[in-house]
Amino acid sequence: NGLEQSQTIVGSNKITHFKHRYPIPAYLVAVAVTNYEVYSHTVPNNGNPFEIVNYVYPEDLSYAQSATPITVSIMELYSNLFEEYPFANEKYGHAQCGFGGGMEHTTVSFIGGFSRTLIAHELAHQWFGDKVTCGSWKDIWLNEGFATYLEGMVTENFDGEDLFRNWKQSKVNNITSLPYGSVYLSDADTLSVSRIFSSRLSYNKGAMVLHMLRKKVGETAFFQGMQNYLDAPELAYNFAKVEDYKSAMETASGQDLTEFFNDWLYNEGYPSYEVHWNQIGSQVNIQVLQTQSDPSVSFFEAPVPIRIVGTLGEVEDVLLDNISNGQYFSEAVGFIVDHLEFDPDVDLISKNNTVLLSTDENMLESAIKLYPNPISATLFLSVPEDVEVSEIQVFNTVGQLVFKRSTYDQSLSFQGLSSGMYFVELNTNRGKVFKKVLKK
2 NGLEQSQTIV GSNKITHFKH RYPIPAYLVA VAVTNYEVYS HTVPNNGNPF EIVNYVYPED
62 LSYAQSATPI TVSIMELYSN LFEEYPFANE KYGHAQCGFG GGMEHTTVSF IGGFSRTLIA
122 HELAHQWFGD KVTCGSWKDI WLNEGFATYL EGMVTENFDG EDLFRNWKQS KVNNITSLPY
182 GSVYLSDADT LSVSRIFSSR LSYNKGAMVL HMLRKKVGET AFFQGMQNYL DAPELAYNFA
242 KVEDYKSAME TASGQDLTEF FNDWLYNEGY PSYEVHWNQI GSQVNIQVLQ TQSDPSVSFF
302 EAPVPIRIVG TLGEVEDVLL DNISNGQYFS EAVGFIVDHL EFDPDVDLIS KNNTVLLSTD
362 ENMLESAIKL YPNPISATLF LSVPEDVEVS EIQVFNTVGQ LVFKRSTYDQ SLSFQGLSSG
422 MYFVELNTNR GKVFKKVLKK
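Sequential numbering from 2 applies to the sequence shown in the numbering used here.
This is how it looks when you write it as structure tokens:
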């Protein structure tokens with residue numbers, strides 16, 4: 002760590018003295034000794050240059066020299082996106098090591114190879130992990146989820162949107178390979194090294210949740226929030242908890258992010274979406290339904306990206322602020338719609354999504370839920386927030402009115418009614434809906 006101060010030869014030994022002037026987390030102090038070859042790259046840093054010093058095995062020198070120059074470009078990208086390299090008064094570097102992967106020791110990452118992805122990940126930690134360090138293993142997202150997302154940002158900025166989309170898709174595929182798991186760790190989770198460093202949850206889901214947050218608050222607020230987090234005097238060269246980051250993002254965006262963090266960080270699973278749509282004149286009517294892979298979340302709030310594609314290839318992208326199940330949206334377009342595409346750029350953690358052309362009646366029918374069915378005594382109704390129920394009528398199988406309600410009740414009592422089939426008619430601001438229920 003830090004800058005080399007001196008080398009002293011004592012007989013057949015050499016003593017090298019380094020000095021590090023920044024606060025350093027104890028687990029990031031490191032020493033490596035072998036017959037390294039040493040070379041460096043210079044980072045211009047707006048007229049305040051510093052070196053990237055590489056310590057590599059002699060047999061890998063040629064390979065390393067061809068691979069490490071990209072570190073300068075990645076350093077400049079991160080500095081432009083967030084802030085100046087946090088240890089610019091000293092150096093950055095790599096020390097080749099015998100284990101796979103890497104370890105983000107302050108000012109010099111131990112590194113098992115020189116792939117661009119690994120270089121990008123370990124360098125990202127100098128901001129997210131070294132300057133601001135996770136306050137507990139529960140908060141490992143602040144280290145590993147962030148560094149993984151910065152890998153993706155390198156792909157986004159260096160390779161373009163198509164490869165970035167592929168990167169996101171690979172993460173989502175891995176995240177949704179199992180129906181459970183949260184980014185934030187429980188007390189019990191912290192006893193398991195494999196859970197703390199779960200590639201599916203701490204790294205990949207953590208990265209995609211950060212991307213979703215970026216889409217939710219917008220580019221300006223997202224990067225301002227990241228800078229605020231890094232600059233906070235109580236966090237810089239110190240420790241942070243997830244709630245500290247949440248506070249920084251809420252201040253930058255002006256949004257209450259409690260529900261987002263509860264759904265995507267603290268609880269488990271992911272949503273599957275069913276989108277119904279139709280076109281009436283210039284209006285495209287869209288209904289968004291959702292199921293959840295894990296019962297810890299009753300509904301995932303998230304902006305839902307939809308691409309509206311016309312018969313002549315016209316395209317309009319919309320972002321639906323989906324805050325309730327079965328929610329309706331109406332978008333004005335100036336063309337005949339051929340089809341809708343769900344989340345075309347892979348900005349959501351989701352799986353098994355479907356898009357269906359539906360009549361308005363079918364959309365309403367799907368949105369209103371009656372449960373349980375069959376029932377013993379009480380029937381519960383679930384109605385989207387933007388659907389207004391003015392009257393509820395219940396009929397028997399011969400068409401006789403059994404009872405009605407002139408105001409919307411979330412529950413109906415069937416206590417005392419005979420067993421058999423009943424028909425529930427709901428009059429709403431979007432039309433009538435008929436449902437069958439069986440009384441046991």
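Ideal Cβ positions, reconstructed from N, Cα and C, are used throughout, including at glycine.
Quiz item: Should G421 be labelled buried (16 or more other beta-carbon atoms within 10 Å of its own) or exposed?
Solution: exposed
Quiz item: To the nearest angstrom, how far is it from the Cα of S112 to the Cα of F100?
Solution: The sequence shown places Ile at residue 112, not Ser. In a straight line, the C-alpha of I112 is about 8 Å away from that of F100.
Quiz item: So Y238 and Y23 are in contact, right, with Cβ under 8 Å, and what is the actual spacing, rounded?
Solution: 6 Å
Quiz item: Leaving out the 5 sequence neighbours to the left and right, which residues in its chain are closer than 8 Å to V388 when beta-carbon positions are compared?
Solution: G327, Y329, L365, A368, I369, T429, N430, R431
Quiz item: Cβ-heavy atom distance between P373 and the ligand NAD below 7 Å?
Solution: Annotation note on the ligand NAD: not contained in the displayed structure, which lists no ligands.
Quiz item: Enumerated in chain order, which unbroken segments of the beta strand (DSSP E) with a length of 3 residues or greater are wholly contained in the region 187-274?
Solution: 239-241
Self-check item: Counterpart residues of M104 in DSSP-defined beta bridges
Solution: F111
Practice problem: Find the nearest neighbour of L313 within the set I337, F300, D322, judged by alpha-carbon distance. | Solution: I337
Exercise. Go through its chain and collect everything with a Cβ distance to K433's Cβ below 8 Å, but skip five positions before and after it.
Key: E426, L427
Quiz item: Hey, Q127 and E105: beta-carbon distance below 8 Å or not?
Solution: yes
Quiz item: By Cβ distance below 6 Å, which residues in the same chain neighbour V356 in space, the five residues on each side in sequence not counted?
Solution: V276, L341, F343
Quiz prompt | Neighbour-count burial assignment, H212, 16 or more Cβ in a 10 Å radius | solution = buried
Quiz item: Assuming Q6 contacts K15 under a Cβ cut-off of 8 Å, what Cβ separation, rounded to an integer in Å, is found between them?
Solution: At roughly 13 Å, the Cβ-Cβ gap does not stay under 8 Å, so Q6 and K15 are not in contact.
Quiz item: Are the region 163-172 and the region 347-355 touching by the rule of at least three beta carbon pairs closer than 8 Å?
Solution: yes
Quiz prompt | Inter-residue spacing [alpha-carbon to alpha-carbon] between T43 and N81 | solution = 17 Å
Quiz item: Pairing CB atoms from the region 235-255 with CB atoms from the region 367-386, are three or more of them under 8 Å?
Solution: no
Self-check item: Bounding residues of the beta strand (DSSP E) (the contiguous stretch that carries K370)
Solution: 370-372
Quiz item: Where does the unbroken alpha helix (DSSP H) through L82 begin, and where does it stop?
Solution: 71-82
Quiz prompt | Minimum C-alpha distance to Y181 - residue among P272, A333, A378, T118 | solution = P272
Quiz item: In this structure, what does DSSP give as the bridge partners for W128?
Solution: Looking at the DSSP assignment, W128 forms no beta bridge with any residue, so it has no partner.
Practice problem: Ignoring anything shorter than 3 residues or poking outside the region 15-100, list the beta strand (DSSP E) runs there in chain order. | Solution: 38-44, 51-57, 92-97
Quiz item: Using the rule of at least 16 other Cβ atoms within 10 Å of the residue's Cβ for burial, across every protein chain shown, is H95 buried or exposed?
Solution: buried
Practice problem: Tell me whether the beta-carbon of G270 lies closer than 8 Å to the beta-carbon of Q291. | Solution: no
Quiz item: Closest to G265 by CA distance: which of F129, K206, Y409, Y150 is it?
Solution: Checking the sequence shown, residue 265 turns out to be Trp, not Gly. That would be K206, whose Cα lies nearest to the Cα of W265.
Quiz item: Three-state secondary structure (DSSP) at K352?
Solution: coil
Quiz item: Shortest alpha-carbon distance to D131 belongs to which of A27, T9, K405?
Solution: A27
Self-check item: G400: first and last residue of the uninterrupted alpha helix (DSSP H) it sits in
Solution: Note, G400: premise wrong, no alpha helix (DSSP H); not H, not E.
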